[in-house]
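Just so we're aligned: the sequence shown equals residues 1 to 1158 in full-length UniProt numbering.
Okay, so here's the structure we're looking at.
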Amino acid sequence: CLTFASQRSVNHALHHNKEHIDFSNAYAQKQATSFQYIKRKTGLAYQHSKMSLRLCCTILFIAGLAAGEIKNQGWWKNTVFYQIYPRSFMDSDNDGIGDLKGITKRLEHFAESGIGGIWLSPIYASPMVDFGYDISDFRAIDKTYGTMEDLEQLTTKARKLGVKVVLDFVPNHTSNEHPWFIKSYQGIGKYKDYYTWRRGRENNTQPPNNWLSYFSGSAWKYNATRDLWYFHQFEYRQPDLNFTNPNVRQEMEEILRFWLSKGIDGFRVDAVPHIFEKEGFPDEPLSHKPGVTSQNHNYLEHIYVKDDQRSYDLIKTWRKVLDDWSDSHNEDEKVIMTEAYASLDNTVKWYDYGSNIPFNFNFITNVDNSSKPSDFKKVIDDWITRTPSYGSANWVMGNHDNSRIATRYPGRADQMTMLAMILPGVAVTYYGEEIGMVDKLDITWEATQDPQACNSDPEHYRALTRDPNRTPFQWDDTKNAGFSKASTTWLPVNDNYKELNLAKQKLQQESHYKLYQTLTKLRSTSLALKNGTLDTVALNNDSVLAVIRKTADEAVVLLINFSNDSPQSVDVSEYLPNAKDATVKGASVGSGIEWGSIIKTSDVRLPSKASIVFAAQPNNTVFYQVYPRSFMDSNGDGIGDLKGITNKLEHFVESGIGGIWLSPIYASPMVDFGYDISDFRAIDKAYGTMEDLEQLTAKARKLGVKVVLDFVPNHTSNEHPWFIKSYQGIGKYKDYYTWRRGRDNNKQPPNNWISLFSGPAWTYNATRDLWYFHQFEYRQPELNYSNPNVRQEMEDVLRFWLSKGVDGFRVDAVPHLFEKEGLPDEPLSHKPGVSNQSDSYLEHIYVKDDPRSYDLIKTWRKLVDDWSDLHNEDEKVIMTEAYTNLDNTTKWYQYGSDIPFNFNLITEVDNTSKPLDFKKVIDDWMVRTPSTGSANWVMGNHDRSRIGTRYPGRADQMTMLAMILPGVAVTYYGEEIGMVDKLDITWEATQDPQACNTDPERYRAVTRDPNRTPFQWDDTKNAGFSNASTTWLPVNDNYKVLNLAKQKLQQESHYKLYQTLTKLRSTSLALKNGTLDTVVLNNNSVLAVIRKTADEAVVLLINFSNDSPQSVDVSEYLPNAKDATVKGASVGSGIKWGSTMNISDVRLPPKASIFLVR
């Protein structure tokens, strides 16, 4: 019970057993694993009595079934947060002041910008002496910004967009108009000591001590009504609360809970070091800083008004408040950010007391435009070395209290943005920095709003004002930069808005905003940036800073030239020993460096002031589909199994395969060989046990081979317990499937929908007296994803398999997850010669490609990403199987599919197609592949004839094409040796339900058995697949001459060609990062696929003519080369591998294909 209890069970148990448990180290214990946490806590309980342990065990068991839990822990660790200054972001009611509705209207901007969380500067009711940092009601929205309903609409919409909302929490002080303060100076009841009151010196005519306010002058203000002085570290109308008073602490805890109930995801705690002051209130010593007046805050050394240990302890109690809330409400972890301008040690100390993000202001306070790379390196290294192992670093480049980075670093704003984004941990962006906004330095004394400046005079205000960096956001070039339609805005808009605005930058090919988007996308996709190591290096005589992030497979490097006038040639090859070249992901605007270009890591050219981000990473994995029944039988029953796959894992390594995906291995009646699942959490006994799978994934991990499962969410078996309970009408399972009453008094199906397996897509169930929906075989009833319980079940199933070491999922039949509400009849297709029982008889506009299917995959994307983040694992891959149109297929990229299977080389071309047809298929896909995505090429699978059968004598051509094109190549088992369909399987031996649902005359037209026969390992019994007397499908008769063992011994073979191709993909920069040209030559007889970098070219030539040899000239596309080396050619072509050819006269026999490297 204890070992397998969840952490939420422990939290629940602890909550109800405070007499047994010490909470003094609760936060640190949250960093431990669930088992360690349970062991430590239950151990403490046990020391008290066996009775308490029995009670704890009971509670653990019950809570594990019913209690809440803190979800999505650590979601913030690699997040980009964005500070919104609400007055200046977007004005919805045209009063010249930004508001909550304005923010809500612009929430899509954050999703488009890759921002994971926004934090709002104060929006509470306030007299606005300090623009919201003087709060008169902690539970109300200031009418300037809107209403509570406006905030709730904001949080609701943000949640749908996946954007967290964090509030600026200001606990240190209130407004002097707060009811608490009014009652306090009136001496009323408990409020009397809500603030810090003291009698003054010299018969109460002078302040109690020498403490100074941040806003200059004494930190004490006399109140005549009470005849005492009150303490205020900030403006005199911002009296400090007295946190030694338990009533004040309780008030603040209730306020936190109030805002949590409004959907808030965390708090940025303002001025956190100032919450407690030294008891006794002694004078502070002088700082002896030169040129500082006695009224200036810097005149004293502040050793008594900040960094008190009790402030840390207070945050720890608030950490518990937030964690308890998340636990009891089953919500995501709530984030705490702390604002502390303090020493490095005192700042990072907040990690130990519950702050997830103790703001790191060292890029603001410790470096400036005159600093050198070594200065920046020190700032970075100092923070990283002090960040605890359970913490996440953070990097703040600007905020509402400091000049914008583009003003502090003229011509270098991109450098600073890139630095924050490439470093590990959290990046914090101040509004407008994503477009490079600058301070408006010409705001007049009359237009000044900042109280810090208004407390000075017309001569000195510019040195103190923060207004220049708080001007309205520049959305476009319309009136007031699109911020407001008011005649006057609260602060004037920067005059440069016509040229510097978001709308304009969105249209530019390279801009500050496009760079920002590139960086946030890279953060979300790059394992090097998520989990990689960090090196900071000062190069070129302290002129260049290099920030290097690496994993075993990927590197991302940022180089910044700090010289204002000298270009630099930088060599980072020492730090990237396996990468000679890399791809430019982005560069500072105006640098002249071409994004997407290939550079040498030994000679990176940086103009003065320029910065560049480049990556060396493979995005061209070869995946291999294993059909488990046919791959390798370990126990002699004639059916392949998991142990058989494990025994053959070395084959994938030898073949250059990076990942395998297994067709379904779940418990199943095998009506459709595993695509009819009776238990999503069990291995079918035909394939082995869960231990067998865990041994497979463990061995694969050691060999560097990823293991992907075929996930079949659309339907179950009719033997699944869910379906049995559903047709019995039991509880929540009643609506787990799609049930409808039929037409004609329930005698006919509810509509005209047709199954992919022919006939109605509805089957009548007598027990329930209703019809259930099935797009596939009638024993594969469809799940009802409009039911949230079904969605939750599937999320739990995904997590279950992730816990077993799986590296991702191929999602089956993904377009079919949702159907049109109302279930209307589909129109006829009017295709000639199609019977009314055939799936092709209808135009399927209601049973596929529903927008909700895309949204569902997006939630699963987040789930697997959260798993990887939480468990510090490699990114999990999502593949989607969608037989649909091109636009609907590539649309899956936008919703989290890494590999939306590209079947167009199966469905759009065949053996009669010409080079021009293939070119169109390739170009169409490439044009629609987003810049952040990777193309993929599927040549075959378990539902289609093998390429050796579809393209007689041309199998090598198709394999070479998939391997030379950019992106992911997907191989169906056996294609690496050129296996072909066994076309003579008898009706009696047929297994495929799609064929068995027909008859002996028609089964051959629909059967998929011929391309599912056992793998041909060698020329022994059953091709080495099994020792059984009979195999589940007969082995192809050609196995004596076509098998892996024989091809390994041959000098040139299908398998040797396959190995050559995968090797070239892993070593050739032209194939990793090179450009792509597809060219039709020789009167549409030859297809050329050309991949190039500046130093290398790989060219594939395919002769589509069956009887005419071709002489091909590709010199036009390789102007600097005369000859090239033959790396491989189709088997039987007679072209000698390793020979040299003149690129102006490449001789291709009929049906031949060749690839050359220059």
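Glycine residues also receive a C-beta, built at the ideal position from the N, C-alpha and C atoms.
Whole-angstrom distance between residue 586 and residue 142, CA atom to CA atom: So the two alpha carbons sit approximately 41 Å from each other.
Residue 1122 - DSSP class collapsed to helix/strand/coil: Assignment of residue 1122 by DSSP, reduced to helix, strand and coil, places it in the coil class.
Sequence-distant residues of its chain with Cβ nearer than 6 Å to residue 603 (five each side left out): Same-chain partners within the cutoff: 569.
Alpha carbon of residue 1138 to alpha carbon of residue 919, nearest angstrom: Rounded to the nearest angstrom, the two C-alpha atoms are 27 Å apart.
Residue range of the unbroken alpha helix (DSSP H) whose run includes residue 1066: Element bounds for residue 1066: 1054–1067.
Check whether residue 705 and residue 623 have beta carbons under 7 Å apart: Taking 7 Å as the cut-off, the Cβ atoms of residue 705 and residue 623 do not count as close.
Element boundaries [beta strand (DSSP E), containing residue 128]: No beta strand (DSSP E) holds residue 128; DSSP gives it neither H nor E.
Cα-Cα separation between residue 152 and residue 535, rounded to whole angstroms: CA-to-CA, the gap between residue 152 and residue 535 works out to about 43 Å.
Contact under 7 Å by Cβ, residue 256 with residue 248: In this structure, residue 248 does not lie closer than 7 Å to residue 256 by Cβ.
Sequence-distant residues of its chain with Cβ nearer than 7 Å to residue 688 (five each side left out): Within the same chain, 641, 642, 643 come within 7 Å of residue 688 by CB-CB distance, once the 5 residues on both sides are set aside.
Closest by C-alpha distance to residue 562, when choosing among 375, 722, 708: Among 375, 722, 708, the Cα nearest to that of residue 562 belongs to 375.
N- and C-terminal bounds of the beta strand (DSSP E) containing residue 764: 762–765 is the extent of the beta strand (DSSP E) around residue 764.
Distance between residue 380 and residue 408 (C-alpha atoms, nearest Å): Between the C-alpha atoms of residue 408 and residue 380 there is a straight-line separation of about 19 Å.
Simplified DSSP assignment, three categories, for residue 69: DSSP places residue 69 in coil when its eight states are reduced to three.
Backbone secondary structure at residue 1128 - three-state DSSP: Assigned with DSSP and collapsed to three states, residue 1128 falls in strand.
Supposed contact pair residue 850 and residue 820 - C-beta distance, whole angstroms, cut 8 Å: Going by Cβ atoms, the distance from residue 820 to residue 850 rounds to 7 Å, so yes, they are a contact pair.
Per DSSP, the bridge partner or partners of residue 987: By DSSP's assignment, residue 987 forms no beta bridge with any residue.
Closest by C-alpha distance to residue 129, when choosing among 215, 183, 192: Considering only alpha carbons, the answer is 215.
Start-to-end residues for the alpha helix (DSSP H) that takes in residue 313: 309–329 is the span of the alpha helix (DSSP H), which, as asked, contains residue 313.
Beta bridge counterpart(s) of residue 707 as assigned by DSSP: For residue 707, which the question treats as bridged, DSSP gives the partners 660.
Status (buried if at least 16 other CB within 10 Å, exposed otherwise) for residue 528: By the neighbour-count rule (16 or more Cβ atoms within 10 Å), residue 528 is buried.
Cβ-Cβ distance between residue 284 and residue 301 below 7 Å: The beta carbons of residue 284 and residue 301 sit closer together than 7 Å.
Assigned exposure category for residue 258 - 16 Cβ within 10 Å defines buried: Looking at its Cβ environment, which holds fewer than 16 other Cβ atoms inside 10 Å, residue 258 is exposed.
Buried or exposed by the 16-neighbour rule on C-beta atoms within 10 Å, applied to residue 190: Under a 10 Å Cβ-count criterion, residue 190 is classified as exposed, with fewer than 16 other Cβ atoms of the shown protein chains found around its own Cβ.
Opposing strand residues paired with residue 606 [DSSP bridges]: DSSP lists 568 as partners of residue 606.
Outcome for residue 868 when other beta-carbon atoms lying within 10 angstroms are tallied against a minimum of 16: Residue 868 counts as buried, since at least 16 other C-beta atoms from the protein chains shown sit within 10 angstroms of its C-beta.
Three-state secondary structure assigned by DSSP to residue 366: The three-state secondary structure of residue 366, taken from DSSP, is coil.
Rounded straight-line distance, which links the Cα of residue 990 to that of residue 815: Straight-line Cα distance between these residues: approximately 29 Å.
Length-filtered (3 minimum) beta strand (DSSP E) runs lying within the segment 701–758: Taking only runs of at least 3 residues, the beta strand (DSSP E) segments lying wholly in the segment 701–758 are 706–711.
Residue 929 vs residue 598 beta-carbon contact at 7 Å: With respect to residue 598, residue 929 sits apart: the two C-beta atoms are not nearer than 7 Å.
Beta-carbon proximity check, residue 639 vs residue 1032, cutoff 7 Å: Yes, the pair counts as a contact, with Cβ atoms nearer than the cut-off.
Helix, strand or coil at residue 793 [DSSP, three-state]: Residue state, collapsed to three classes: helix.
N-terminal and C-terminal residue of the beta strand (DSSP E) that residue 549 is part of: In this chain, the beta strand (DSSP E) harbouring residue 549 covers 544–550.
Terminal residues of the alpha helix (DSSP H) in which residue 907 lies: Following the DSSP letters along the chain, one finds residue 907 inside the alpha helix (DSSP H) bounded by residues 904–907.
Classification of residue 670 by the beta-carbon crowding that lies within 10 angstroms, buried from 16 upward: Residue 670 comes out buried.
Coarse secondary structure for residue 18, derived from DSSP in three states: For residue 18, the predicted structure reports a pLDDT of 28, less than 50, and the residue's modelled location is therefore unreliable. A value from the coordinates is still provided. When DSSP states are grouped into helix, strand and coil, residue 18 belongs to the coil group.
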